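The structure appears right after this line, and notes come after that.
There are 2 protein chains.
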Amino acid sequence: MARDDEVPAGSDGYLQTRMVRNGGAPCLACPLEACPGLHQPKSELRGWIATFRQGEVRFARGEQVFAQGERLPHLFTVLSGVLMRTRLLEDGRRQIINFMFPGDFIGLQAALDGEMTHSVEALTSVTLCAFARGRFFELAAQQPQLSFDLTWLAAHEEAALEEHIVSLGQRNARERMVALAVFLVQRGMDSGLAPGGLLSLTVTQGQIADMLGLSLVHTNRSLQALRRLGLVDWTLSAIRIPDMDEARRFAGLDAPSPSPRPYI
Amino acid sequence: MARDDEVPAGSDGYLQTRMVRNGGAPCLACPLEACPGLHQPKSELRGWIATFRQGEVRFARGEQVFAQGERLPHLFTVLSGVLMRTRLLEDGRRQIINFMFPGDFIGLQAALDGEMTHSVEALTSVTLCAFARGRFFELAAQQPQLSFDLTWLAAHEEAALEEHIVSLGQRNARERMVALAVFLVQRGMDSGLAPGGLLSLTVTQGQIADMLGLSLVHTNRSLQALRRLGLVDWTLSAIRIPDMDEARRFAGLDAPSPSPRPYI
DNA sequence: AACCAACCCTGTCTTTTGACATAGCAGGCG
DNA sequence: CGCCTGCTATGTCAAAAGACAGGGTTGGTT
């Protein structure tokens, strides 16, 4: 339950130089207002949040926001773009844990424990909103709504991971890929990134393989099979699902829950 | 973000009859005090918690606490015993999501969304402490420490699921079993259930299989191989790990983080 | 144009895992 | 005792997934 702000010297220097202090859009005109799937906070709460916002940070596709094992003095909210959380094993095996979309909160686990158990990398160009870790709990304590939202986000991330566990444990390669595609397109639509149900997002087959626990070769073949079946058309730069209901049925997925996500 | 208390008639009746209203140990003498791995709440906070505690509920091994899809007016803290969370697919496939030990909190996701996405079943005889769902957020709002602890628990459950995802995605059958055994024994020791590193817990090979996404037959063979290798000795009623460090190395697991868990 | 890097596709062979069937073994019970 | 029931153990065969190797495409760069 470490809440200190001590960080190994230098581990954060590059972030400081990247950060636009109090730059970008102010909270009262947050770019997340444009996201259809988000529940907008009240404006007095926004004023409150604005007081401990530190600035914006941008990353290009492929850049790493932070690495497993680092201690960072910041927490982030995704303002735009898509990222992924990954875990590395000593022998080089990599598991992609989940993808992160606008409104998602980054670094909660590290805020409580100090050390990141995973890395975060940008999948598109990305803008993050940075908060000071040291002042975060002070704020949450003063604003019950905020800590409620934090709990909401953590509980829902947990639910997403549950679904992912079901995929890895029980579904075969094709079902897993359909489940992942449905998940991504759904989140993309909620974030306004998938107009007409077509999600423009560059994901390599190697990344799909590392998310689903399959080899690259098997991923490739399964992807082709799904294209032939007309279930999912997943290219390097976009995901298209011709019939969402049929895809859901194929993968054994429930209908999406309609509750709007909060953000901070 | 449904917070209503409405429940389909009858879905909770059996629980009402099982519950010992304000029975069992009062919060000021909570049985969880005996758990070595738990961080004890301050006594004024306990008094506070006691005011919205409803009573205790007991279940025997194999009994279901609630089923996927149910709406329950209660949240629970595990006072003693071990349980598991499971997800069922329409075609009967079952995935065990995680195990729950004393101090764990049950029903957070349902508290926010209304409907359970998983079932919970007792693995041993179990005692749960029941709270009213309707009054829960009122309490968390008044007690920042409490909502902090709630977030802590959610974030750490998330970290446990991450580790499980790494297992399912990247580790082979034997590594998965070792990783699971280490996890269970570790949590057992933190809960005071595994004196001398021997965890007495009845888990069938079928349950191991459903947790690790393997067939029963393959689980059986891998279990035998591990026994032969002297890495893990896992029988129906107990788990023994002769050399914890060696087992950790075999499965590619990090050293355990020493932070004490809070409970509510 | 030539080169290069990153990615996608395909063929062949091996390993891992699963399906099915069946035997054994311990505990509970009339 | 004999007869369940639930669990563990094994054998054989089949399917799913991975390893390795190489070819093809695209797009950027000099």
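So the sequence lines, in the order shown, correspond to chains A and B.
Residue numbering for the first sequence follows the working numbering, starting at 71 and increasing by one per position.
Residue numbering for the second sequence follows the working numbering, starting at 71 and increasing by one per position.
Even for Gly, the Cβ is constructed at its ideal location relative to N, Cα and C.
Please read these numbers as outputs of a predicted model, since none were measured by experiment.
Short Cβ contact (8 Å threshold) for residue i with residue j
i, j, result
"B:L149", "B:T197", "yes"
"B:H188", "B:R157", "yes"
"B:E126", "B:V90", "yes"
"B:L345", "B:L216", "Residue 345 of chain B is absent from the structure shown; chain B starts at 71 and stops at 334."
"A:V335", "A:M247", "Limits of chain A in this structure are 71 at one end and 334 at the other, which puts residue 335 of chain A out of reach."
"A:L254", "A:I309", "yes"
"A:A249", "A:A180", "no"
"A:V299", "A:T289", "First, the amino acid is wrong: residue 299 of chain A is Leu here, not Val. No, the Cβ-Cβ distance between A:L299 and A:T289 is not below 8 Å."
"B:T274", "B:S307", "no"
"B:F122", "B:A192", "no"
"B:L286", "A:G239", "no"
"B:A317", "B:A251", "yes"
"A:G354", "A:A104", "Residue 354 of chain A lies beyond the range of chain A shown here (71 to 334); nothing can be said about it."
For residue i, three-class secondary structure by DSSP
i, result
"B:R297", "helix"
"A:S307", "coil"
"B:T221", "helix"
"A:T289", "helix"
"A:V77", "Only weak support is given to the placement of A:V77: the predicted model assigns it a pLDDT of 35, under 50, and the value that follows is read from those uncertain coordinates. In this structure, A:V77 counts as coil in the three-state DSSP scheme."
"A:R318", "helix"
"B:E191", "strand"
"B:L284", "coil"
"A:S113", "helix"
"A:L271", "coil"
"B:L178", "helix"
"B:E185", "coil"
"B:G258", "helix"
"B:A72", "Confidence in B:A72 is poor, its pLDDT being 35 and thus under 50, which makes the residue's placement too unreliable to answer from."
"B:L323", "coil"
"B:Q212", "helix"
"B:L263", "coil"
"B:G173", "coil"
"A:P101", "helix"
"B:E160", "coil"
"A:V302", "coil"
Beta-bridge pairing of residue i - partner residues as DSSP gives them
i, result
"B:F129", "B:V196"
"B:Q90", "It is worth fixing the name first, because residue 90 of chain B is Val in this sequence and not Gln. For B:V90, which the question treats as bridged, DSSP gives the partners B:E126."
"A:A202", "A:H144"
"A:N168", "A:R155"
"A:L108", "A:R331"
"B:Q240", "According to DSSP, B:Q240 bridges with nothing at all."
"A:F136", "A:V190"
"B:I119", "Paired residue(s): none; B:I119 is not in a bridge."
"A:S150", "A:T197"
Cβ neighbours of residue i in the same chain (closer than 8 Å, five flanking residues each side left out)
i, result
"B:A295", "R244"
"B:R331", "G107, L108, H109, G173, W222, L223, H226 and D260"
"B:F146", "V127, V135, F175, I176, G177, L198, C199, A200 and F201"
"A:M170", "V148, V152, L153, M154, R155, I176 and V190"
"B:A211", "S217"
"B:G117", "C97 and L98"
"A:N168", "M154, R155, E227, A230, L231 and H234"
"A:S292", "A243, R244, M247 and L284"
"A:G132", "E191 and A192"
"A:R297", "D303 and W304"
"A:Q124", "M89, R91, N92, H144, A200, F201 and A202"
6 Å Cβ shell around residue i - same chain, five flanking residues per side excluded
i, result
"A:I119", "C97"
"A:Q256", "P326"
"B:I278", "T289"
"A:N242", "none"
"A:R88", "V127"
Own chain, CB closer than 7 Å to residue i, minus 5 neighbours either side, in chain order
i, result
"A:Y333", "L102, L108, T147 and G173"
"A:L337", "Past the boundaries of the shown model lies residue 337 of chain A; chain A is included only from 71 to 334, so the question cannot be answered."
"A:I311", "A251, V252, V255, G267, V302 and A317"
>> Taking 8 Å as the cut-off, does the region 201–209 of chain B touch the region 264–284 of chain A (at least 3 CB pairs, one atom from each stretch)?
In response: no
> Any chance the region 175–191 of chain B sits against the region 224–236 of chain A, with 3 or more Cβ pairs inside 8 Å?
Replying inline: yes
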